[in-house]
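Report on the following structure.
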Amino acid sequence: MAGCSSPEKMKDVPDEMVPVMSPKVLVLKGKTVEGKVSGRFPAKYFHKKAKLDMSPVMLYSGQQKVLATWQYQGEDITDNRSVINFENGGSFGGTFSFPYEDSMMQSKVELRLTLLYNDKEVPFAGNMPLGVGIDVTQNLVEVEPKPAIMPHNYARNGVQQLEAQFNFDIQKPNISRSQFTREDVKAFQKALADLKGNSKAELKGVTVNAYASPDGPVDLNENLYKGRGANTESWIESNLRKARVSGDLVKIGHEDTDWDGFKKMVEASDIEDKDMILRVLSMYSDPDTRNKEMHNMGKVFSEIAEKVLPKLRRSTMVADIEMVGKSDEEMKSLVEKKQFGSLTLAETLYAATLYNDDLTIQESILASKVSKNDVRVYNNLAANYLLQGKKEEAKEMLDKASAIDAVNPYVLNNLGVLEMYAGNVEEAKKLFLRAIDAGKAPKENLGSIAIADGEYSSAVDYLGGTKTFNEGLALLLSDKQEAAKNVLAEQKSAKAYYLLSILGVRAADEKMVIDNMRSAVSMDASLKERAKKDVVFASYMQNEGFAALLK
41 MAGCSSPEKM KDVPDEMVPV MSPKVLVLKG KTVEGKVSGR FPAKYFHKKA
91 KLDMSPVMLY SGQQKVLATW QYQGEDITDN RSVINFENGG SFGGTFSFPY
141 EDSMMQSKVE LRLTLLYNDK EVPFAGNMPL GVGIDVTQNL VEVEPKPAIM
191 PHNYARNGVQ QLEAQFNFDI QKPNISRSQF TREDVKAFQK ALADLKGNSK
241 AELKGVTVNA YASPDGPVDL NENLYKGRGA NTESWIESNL RKARVSGDLV
291 KIGHEDTDWD GFKKMVEASD IEDKDMILRV LSMYSDPDTR NKEMHNMGKV
341 FSEIAEKVLP KLRRSTMVAD IEMVGKSDEE MKSLVEKKQF GSLTLAETLY
391 AATLYNDDLT IQESILASKV SKNDVRVYNN LAANYLLQGK KEEAKEMLDK
441 ASAIDAVNPY VLNNLGVLEM YAGNVEEAKK LFLRAIDAGK APKENLGSIA
491 IADGEYSSAV DYLGGTKTFN EGLALLLSDK QEAAKNVLAE QKSAKAYYLL
541 SILGVRAADE KMVIDNMRSA VSMDASLKER AKKDVVFASY MQNEGFAALL
591 K
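Here the working numbering is used: the first residue of the sequence shown is 41, the next is one more, and so on.
As structure tokens, this is what we get:
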């Protein structure tokens, strides 16, 4: 073009003046869509006395939206616009950003030019196409927040350890009758009796330790602790015979004069001269000499004899009983009969997990232990209510849980779920971050928020290893195609197959596109309409095999 005698001849756009939009297909990221237009005015095109407005405009759902306006002027114009040299031409374009609306999914963007000359605005006759549609794959994110369930800590099989103790009179190896009324001894004796015919309890062994206090001669003390051990062993064996359990499981462990126990008890006592006592007695390694010096302490010895020595004349019993807990079937039977009182707290928390697919029954199970004032019950019942959509009931339980443990990560996560339901995403995010130690739930919740915010790298970090749909989506949006494919292939859900079809488009694998779309729409027919509007599949709309799936 040699030049333009009149600015209006600029409306004849030369072939080489081609605008390019990047990305070619706009992409939703977070809440916004961003793009860039670039191009060049050819040499000897832009009239020295002309002004030009250039605007990318989006057309959608019968509406239009001006995304940006860039202003240019010729060399003889003195306005505050970008100047384009007539001889050399110059570049045009710029960036734009706008908030996304759902009605924009099917849209097109065109470049409109308006010439300004002699106080006239002269639109160019033809608009210049820039692109079609917006890729909104991000919006497939599953945003339903996940409640966190506190661990039940139930061990079906475990070893229960029971302890009891006999105290003995001075210089006596026999067990006095008064010892049989001790609460720990009665509980120990009952546990042994309960072994009889009990298929859910098996005695693994009983260890007896026997001691004498260090205030007697060595020979006497040896006879005492051995006698005390033997008498204790005999008493246990007698009880085992009644329960029809072998007495061979009883063994003598430690037998000795309890000097170490003596030192610890004196140190912990309120005896005035305890430091002097221990210092003097520690000077002698011979037990008989030490015993003699102890008796020479007069009044101090009397205090020791009253406050310390009687507690050292003892035998201890430790029984290891392997307990076999209720089976799942036994627990379900009790639940069906509403015999919740027959379940311990740990059993109740575990039994509730057997009804994850029946939230009404699960609610009844957990509600049966609300009176226990246990944070696990309150939290897990709140989680149940959240899954049922009972927000007020959930809040009541979480308030009670918070009163017990205000920084419990599981409780914090579930408070975050409540905030999500209330639309307070930022507050929810703060709570999920504080709840990060509550297992997968807070990470999945943070991951879904990160995807919706367009923070795909953070989403990959949060969701890593969760093997969820959202992890696959985050990987796809982060251009980690192979990793996304591996995660999504395990999901077997309609939306997962839909994403795999998108991955097929990216890989230019027609079979992968069609096979996965077939699986997706067979599981969820509503995805047909989405696929028809999805710009990702625009190039496949003329493919007979693909198009047939969407009919």
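Every residue gets a Cβ at the ideal spot worked out from N, C-alpha and C, and that includes glycine. Note that the coordinates shown come from a computational prediction; the quantities given were computed from them, not determined experimentally.
Buried/exposed call for residue i, threshold 16 Cβ in 10 Å
i: Val181; result: buried
i: Met323; result: exposed
i: Ala578; result: exposed
i: Tyr265; result: buried
i: Gly114; result: buried
i: Gln201; result: exposed
i: Val500; result: buried
i: Glu466; result: exposed
i: Pro59; result: buried
i: Asn448; result: buried
i: Asp55; result: exposed
i: Asp300; result: exposed
i: Gly43; result: At Gly43, the pLDDT of 47 sits below 50, so the modelled position is not reliable and the matter cannot be decided from this model.
i: His294; result: exposed
i: Ser325; result: exposed
i: Met41; result: Its pLDDT being 41, under 50, Met41 is placed unreliably by the model, and the measurement read from it follows with that caveat. By the 10 Å Cβ count, Met41 comes out exposed.
i: Asn261; result: buried
i: Met190; result: buried
i: Ser253; result: buried
i: Pro139; result: exposed
i: Pro482; result: buried
i: Thr329; result: exposed
i: Glu346; result: exposed
Contact belief for residue i with residue j at Cβ below 8 Å, rounded distance in angstroms
i: Val364; j: Lys240; result: 4 Å
i: Asp360; j: Gly245; result: 5 Å
i: Asn420; j: Glu403; result: Contact flag wrong, Cβ pair sits at about 10 Å.
i: Val575; j: Val172; result: 7 Å
i: Asn453; j: Gly487; result: Contact flag wrong, Cβ pair sits at about 13 Å.
i: Ile174; j: Ser147; result: 6 Å
i: Lys88; j: Asp116; result: 4 Å
i: Gly79; j: Gly134; result: Actually they do not touch by this definition, with Cβ atoms about 11 Å apart.
i: Tyr450; j: Ala478; result: 5 Å
Host beta strand (DSSP E) of residue i (start-end)
i: Asp93; result: Lys91 to Tyr100
i: Asn207; result: Asn197 to Asn207
i: Met363; result: Arg354 to Val364
i: Asn249; result: Ala241 to Ala252
i: Ser131; result: Gly130 to Pro139
i: Ser322; result: Here Ser322 belongs to no beta strand (DSSP E), and DSSP marks it neither H nor E.
i: Tyr157; result: Ser147 to Tyr157
i: Lys573; result: Element bounds for Lys573: not the beta strand (DSSP E) but the alpha helix (DSSP H), Leu567 to Lys573.
i: Phe81; result: Thr72 to Phe81
i: Thr109; result: First-last for Thr109: undefined, no H or E at that position.
i: Val58; result: Per DSSP, Val58 belongs to no beta strand (DSSP E) and is neither H nor E.
C-beta contact flag for residue i and residue j at 8 Å
i: Pro96; j: Val123; result: no
i: Ser101; j: Ser143; result: yes
i: Gln229; j: Asn279; result: yes
i: Lys409; j: Leu385; result: yes
i: Thr506; j: Lys469; result: no
i: Ile491; j: Ala475; result: no
i: Arg416; j: Leu389; result: yes
i: Ile276; j: Met357; result: yes
i: Val248; j: Val290; result: yes
i: Ala422; j: Ala446; result: no
i: Glu530; j: Leu503; result: no
i: Arg152; j: Pro163; result: yes
i: Gly585; j: Ile554; result: yes
CB contact check: residue i to chain B, cutoff 8 Å
i: Arg558; result: No chain B is part of this structure, which consists of one protein chain only.
Where the alpha helix (DSSP H) through residue i begins and ends
i: Leu528; result: Gln521 to Leu528
i: Phe220; result: Premise fails: Phe220 is in no alpha helix (DSSP H) and is neither H nor E.
i: Asp259; result: Val258 to Lys282
i: Met552; result: Glu550 to Met563
i: His335; result: Pro327 to His335
i: Lys105; result: Unbroken run through Lys105 is the beta strand (DSSP E), Gln103 to Val106; no alpha helix (DSSP H).
Three Cβ pairs or more, each shorter than 8 Å: is that satisfied between the stretch 151–170 and the stretch 48–68? A contact exists between the stretch 151–170 and the stretch 48–68.
Quick check: the stretch 211–221 against the stretch 409–419, are at least 3 beta-carbon pairs closer than 8 Å? Cβ pair count under 8 Å is below three, so no.
Does the structure place the stretch 188–200 close enough to the stretch 84–95 that three or more beta carbon pairs sit under 8 Å? By the Cβ test, the stretch 84–95 is not in contact with the stretch 188–200, since fewer than three Cβ pairs between them sit closer than 8 Å.
Inter-stretch contact (C-beta, 8 Å, three-pair minimum) for the stretch 321–336 and the stretch 183–197: The stretch 321–336 vs the stretch 183–197: no contact.
When you compare the stretch 531–543 with the stretch 554–571, are there three or more beta-carbon pairs, one atom per stretch, that lie closer than 8 Å? With three or more CB-CB distances shorter than 8 Å, the stretch 531–543 counts as touching the stretch 554–571.
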